[in-house]
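Asker:
Number of protein chains: 2
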Amino acid sequence: MQDNLQITMDQFLPLRDVVFNTLRQAILTGELKPGERLMEIHLANRLGVSRTPIREAIRKLELEGLVIMIPRRGAEVAQITEKSMNDVLEVRRAVDALCVELACDRITEDELVRLKEACDNFEQVVNTGDIKQIAQADVALHDIIVQATGNMRLVQLINNLSEQMYRYRFEYIKDSSQHGRLIEEHRMIYDSIVRKDKDEACKAAKIHIDNQKQAIMDQLRLERTAR
Amino acid sequence: MQDNLQITMDQFLPLRDVVFNTLRQAILTGELKPGERLMEIHLANRLGVSRTPIREAIRKLELEGLVIMIPRRGAEVAQITEKSMNDVLEVRRAVDALCVELACDRITEDELVRLKEACDNFEQVVNTGDIKQIAQADVALHDIIVQATGNMRLVQLINNLSEQMYRYRFEYIKDSSQHGRLIEEHRMIYDSIVRKDKDEACKAAKIHIDNQKQAIMDQLRLERTAR
DNA sequence: CTCATGTATTTTGTATACATGGATTGTACT
DNA sequence: AGTACAATCCATGTATACAAAATACATGAG
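Protein chains in written order, with numbering that gives the first Met the number 0: chain E, 0 to 226; chain P, 0 to 226.
1. Are the stretch 115-122 of chain P and the stretch 90-99 of chain P in contact at 8 Å, needing three or more beta carbon pairs?
2. Taking all protein chains shown into account, decide if A95 of chain P is buried (16 or more other Cβ within 10 angstroms of its Cβ) or exposed.
3. Starting from A93 of chain E, find everything on chain P with Cβ-Cβ shorter than 8 Å and list it in chain order.
4. Based on DSSP bridge pairs, tell me the residues matched to G29 of chain E.
5. Within 8 Å of any Cβ in chain P, is that where the Cβ of M164 of chain E sits?
6. What does the alpha-carbon distance come out to for the pair L181 of chain P and N20 of chain E?
7. Under 8 Å between C-beta atoms, does V90 of chain P make it to chain E?
8. Taking a contact to mean a Cβ-Cβ separation below 8 Å, would you say A102 of chain P touches T28 of chain P in this structure?
9. At a CB distance below 7 Å, what residues from the stretch 148-180 of chain P approach chain E? Give them in sequence order.
10. Please report the straight-line C-alpha distance between M8 of chain P and A43 of chain P, rounded to a whole angstrom.
11. Please state if the CB of A134 of chain P and the CB of R186 of chain P are separated by a distance shorter than 8 Å.
12. Going by the CB atoms, is the gap between A204 of chain E and V124 of chain E shorter than 8 Å?
13. Using 8 Å as the threshold, is the C-beta distance between L60 of chain P and L22 of chain P below it?
14. Compare the beta carbon distance of L111 of chain P and V18 of chain P with 8 Å and say whether it is the shorter of the two.
15. Check A214 of chain P in the structure and name its three-state DSSP category.
16. Along the chain, where does the alpha helix (DSSP H) that runs through M151 of chain P open and close?
17. Where does D209 of chain P sit, in a helix, a strand or coil, going by DSSP?
18. Going by CA-CA distance only, name the one from E:L46, E:I106 and E:A74 that's closest to K32 of chain E.
19. Would you kindly work out how many angstroms separate the C-alpha atoms of M0 of chain E and E184 of chain P, rounded to a whole number?
20. Leaving out the 5 sequence neighbours to the left and right, which residues in its chain are closer than 8 Å to D174 of chain E when beta-carbon positions are compared?
21. Establish whether the CB of E63 of chain P and some CB of chain E are separated by less than 8 Å.
22. Using alpha carbons as the reference points, say which of E:N126, E:T51, E:H41 and E:R36 lies closest to D238 of chain E.
23. Between K212 of chain P and chain E, is the shortest Cβ-Cβ distance under 8 Å, so that the two count as touching?
24. Determine the direct distance from the alpha carbon of A136 of chain P to that of I206 of chain P, and round the result to whole angstroms.
25. Distance check for I144 of chain P and D198 of chain E, CA to CA, integer angstroms please.
26. Evaluate I69 of chain E with the Cβ neighbour count: other Cβ atoms within 10 Å of its Cβ, from every protein chain shown; 16 or more gives buried, anything less gives exposed.
27. Can you pull the chain E residues whose beta carbon is under 9 Å from the beta carbon of V17 of chain P, in chain order?
28. I need the straight-line Cα distance from E35 of chain P to T127 of chain E, nearest angstrom please.
29. Pull out every residue of the stretch 28-56 of chain P whose Cβ sits closer than 9 Å to any Cβ of chain E, in chain order.
30. Mapping the DSSP letters down to three states, classify E35 of chain P as helix, strand or coil.
31. Based on the DSSP secondary-structure assignment, which residues constitute the bridge partners of M68 of chain P?
32. Strictly under 8 Å for the Cβ-Cβ distance: is D198 of chain E near chain P by that measure?
33. What is the DSSP secondary structure of I6 of chain P, counted as helix, strand or coil?
34. By Cβ distance, which residues of its chain are closer than 7 Å to V105 of chain E, with the 5 residues on each side in sequence left out?
35. Helix, strand or coil: how does DSSP classify T51 of chain E here?
36. Given that V87 of chain E touches chain P, what residues does it touch there, using C-beta distances under 7 Å?
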């Protein structure tokens, strides 16, 4: 790990939150690798702050499950096992289904328009082939649906569950053979929400997750054999 | 709030975890009331530790949603609104359904026996009328089902979602007119898991939550009008 | 040569000190 | 009497200091 870790003084956030976001990002992007130790003094020097904000950030990462604490030894980046990924995806499958179901009931006309735009945008961006943009368009699309539920707890939960998959998102999206299917699945979800057809929406959402699961599991096994 | 807040040096846990558990418990039991400020120095004196473990505990409570942070003003116990409770219960309804569904697939013979015992035990304890014991038996029963899923993420999630309802559990259980229904619902869930009937299990779990929701909402409105 | 023991170093856990921003209170002026 | 402004206090945010535990390394005995 080299010194890509850089603090951005964007906001007037307390340092602990800045550190939290920084470390979180570093873990999710794989800059901090699973098993890597998070040593307070090193991080403090690296980020140019004292140990206090570092420790407080680690407490939050701990609860979020991104790092695990070993008593009297400190924190290290949590391992991603096939089991843990399976657990997450199992929950997400149910939660995403709830999400589209609620969206059917509660989505506003305005949000529906924006959802359509997001779908179209995704399709266009896929054609450009820019992975980063595609990932971003995908997030934007799902965000609209999650927000449409009006359930803040659900929003928070899905964010937390999604972050585990974050580092595999790229690999998944990189595989351009999947792009057609992605567009198709998004369209199915959109259509069923327009029709307020909860059953279909549920089904579509579950299929969407199942396919992601397949891709992620393939990726995980690939990494394993490579090692 | 008087000085019921007491640290129990049960374990060799770091102080931050002891403080975390202590404050968590205090919030869940209502000893620390919604809106009450958590002032670090006061708590530190009260618990006989320094500010550092207090602060770290608060960071975890913050992420868990039990306290909210106001910049430059510190932490206070999160308000429970009808909306937030609704949000939680909405998620729990879906997650509990997933739970029994998975349990149908994965529960072991041994766990099934213990589940039966827990059902019977609950029935017996209800007859004693001891509220505390009833609550405990209820938790034990649900714990077996959640554990049977083998999904650690799900276990953690349900724990987190349950804690919001914790302080209403008593009121709900106190109402002895509900006891018959509770026993009935537990039995329905147990039976469908035995038969591996996922659909029925789901339905039963959802009904179980719906009834709790009703009771909790009644309770909340009662509190509101009382104020 | 291997293993154990003791010491030194490193790192966490905890406490405390210092700085800053907000809130409150008091006073003066309208 | 009410409002505005200033001084003071208090709590948080941050940094640092101190203590205890764990690890690593070296030295010595078997």
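The beta-carbon is built from N, C-alpha and C at its ideal position, and this holds for glycine as well.
Answerer: With the given structure in hand:
1. Contact annotation: the stretch 115-122 of chain P does not touch the stretch 90-99 of chain P, with fewer than three C-beta pairs closer than 8 Å.
2. Position 96 of the second sequence, counted from the first residue, corresponds to residue 95 of chain P. Correcting the residue identity first, residue 95 of chain P is Asp in this sequence and not Ala. Burial call: buried.
3. Looking up residue 93 of chain E in the first sequence gives position 94. Here the neighbours are A93, V94, A96 and L97.
4. Indexing the first sequence from 1 puts residue 29 of chain E at position 30. Note: G29 of chain E is not bridge-paired with any residue in the DSSP secondary-structure output.
5. Start at 1 with the first residue of the first sequence, and residue 164 of chain E comes out as number 165. No, M164 of chain E does not count as interfacial toward chain P.
6. Counting from 1 along the second sequence, the entry for residue 181 of chain P is found at position 182. Counting from 1 along the first sequence, the entry for residue 20 of chain E is found at position 21. Cα-Cα distance, rounded: 44 Å.
7. Walking along the second sequence from the start, residue 90 of chain P turns up at place 91. True, the Cβ-Cβ gap to chain E drops below 8 Å.
8. Numbered from 1 along the second sequence, position 103 holds the residue referred to as residue 102 of chain P. Numbered from 1 along the second sequence, position 29 holds the residue referred to as residue 28 of chain P. In this structure, A102 of chain P lies away from T28 of chain P, with their beta-carbon atoms at least 8 Å apart.
9. Within the stretch 148-180 of chain P, the residues whose Cβ lies closer than 7 Å to any Cβ of chain E are, in chain order, N150, M151, R152, L153 and L156.
10. Taking the second sequence and counting its residues from 1, the one referred to as residue 8 of chain P is at position 9. Taking the second sequence and counting its residues from 1, the one referred to as residue 43 of chain P is at position 44. Bear in mind that a pLDDT of 46 at M8 of chain P, under 50, signals an unreliable position, so the number given afterwards is only what the model happens to contain. Rounded to the nearest angstrom, the two C-alpha atoms are 15 Å apart.
11. Working through the second sequence from its first residue, we reach residue 186 of chain P at position 187. Working through the second sequence from its first residue, we reach residue 134 of chain P at position 135. Cβ distance not < 8 Å, so R186 of chain P and A134 of chain P don't count as in contact.
12. Taking the first sequence and counting its residues from 1, one reaches residue 124 of chain E at position 125. Taking the first sequence and counting its residues from 1, one reaches residue 204 of chain E at position 205. No, they are not a contact pair.
13. Start at 1 with the first residue of the second sequence, and residue 60 of chain P comes out as number 61. Start at 1 with the first residue of the second sequence, and residue 22 of chain P comes out as number 23. Against a cut-off of 8 Å, the Cβ pair of L22 of chain P and L60 of chain P comes out as a contact.
14. The sequence position of residue 111 of chain P within the second sequence is 112, counting from 1. The sequence position of residue 18 of chain P within the second sequence is 19, counting from 1. No. Outside cutoff.
15. Start at 1 with the first residue of the second sequence, and residue 214 of chain P comes out as number 215. In the structure shown, A214 of chain P sits in a helix (DSSP, three-state: H, G or I).
16. Position 152 of the second sequence holds residue 151 of chain P. Annotation: the continuous alpha helix (DSSP H) that includes M151 of chain P extends over M151 to K173.
17. Residue numbering aside, residue 209 of chain P sits at position 210 when the second sequence is read from its first letter. Under the three-state reduction of DSSP, D209 of chain P is assigned to helix.
18. For the purposes of this step, residue 32 of chain E is taken as residue 33 along the first sequence, with counting starting at 1. Ranking E:L46, E:I106 and E:A74 by CA distance to the CA of K32 of chain E puts E:A74 first.
19. Stepping through the first sequence from its first residue, residue 0 of chain E is reached at position 1. Stepping through the second sequence from its first residue, residue 184 of chain P is reached at position 185. Its pLDDT being 43, under 50, M0 of chain E is placed unreliably in this model, and the coordinates cannot settle the point.
20. As a working note, residue 174 of chain E is residue 175 in the first sequence. Closer than 8 Å at Cβ, skipping near neighbours: A214.
21. Numbered from 1 along the second sequence, position 64 holds the residue referred to as residue 63 of chain P. Answer yes: the Cβ-Cβ gap between E63 of chain P and chain E drops below 8 Å somewhere.
22. Since the first and last residues shown for chain E are 0 and 226, residue 238 of chain E lies out of range.
23. Here the question's residue 212 of chain P lines up with position 213 in the second sequence. For K212 of chain P, no Cβ of chain E is located within less than 8 Å of the residue's own Cβ.
24. Within the second sequence, residue 206 of chain P is the residue found at index 207, counting from 1. Within the second sequence, residue 136 of chain P is the residue found at index 137, counting from 1. Distance between the alpha carbons of I206 of chain P and A136 of chain P: 19 Å.
25. Position 199 of the first sequence, counting from 1, holds the residue named residue 198 of chain E. Position 145 of the second sequence, counting from 1, holds the residue named residue 144 of chain P. When only Cα atoms are considered, D198 of chain E and I144 of chain P end up about 27 Å apart.
26. For the purposes of this step, residue 69 of chain E is identified with residue 70 of the first sequence, where counting begins at 1. Around the beta carbon of I69 of chain E, fewer than 16 other beta carbons lie within 10 angstroms, which makes this residue exposed.
27. Taking the second sequence and counting its residues from 1, the one referred to as residue 17 of chain P is at position 18. Ordered by position in chain E, no residue passes the 9 Å Cβ test against V17 of chain P, which lies about 13 Å from the chain.
28. Locating residue 35 of chain P in the second sequence gives position 36, where the first residue counts as 1. Locating residue 127 of chain E in the first sequence gives position 128, where the first residue counts as 1. One C-alpha to the other measures close to 53 Å.
29. Per Cβ criterion, the list reads T51, R54, E55 and A56.
30. As a first step, residue 35 of chain P is located in the second sequence; it is residue number 36 there, counting from the start. Three-state DSSP puts E35 of chain P in coil, outside helix and strand.
31. Here residue 68 of chain P refers to the residue found at position 69 of the second sequence. In the DSSP assignment, M68 of chain P is bridged to P:A74.
32. As a working mapping, residue 198 of chain E is identified with position 199 in the first sequence. Not one chain P Cβ lies under 8 Å of D198 of chain E.
33. Mapped onto the second sequence, residue 6 of chain P falls at position 7. Below a pLDDT of 50, predicted positions are generally treated as unreliable, and I6 of chain P, at 49, falls in that range; the measurement from the model is reported next regardless. In the three-state reduction of the DSSP assignment, I6 of chain P falls in the coil class.
34. Position 106 of the first sequence, counted from the start, is the residue given in the question as residue 105 of chain E. Inspection of the sequence shows that residue 105 of chain E is occupied by Arg rather than by Val. Excluding sequence neighbours, R105 of chain E sits near A147, T148 and G149.
35. For the purposes of this step, residue 51 of chain E is taken as the residue at position 52 of the first sequence. T51 of chain E: helix per DSSP, three-state reduction.
36. If you number the first sequence from 1, residue 87 of chain E lands on position 88. Neighbours of V87 of chain E in chain P, taken as residues at a C-beta separation under 7 Å, are given in chain order as R152.
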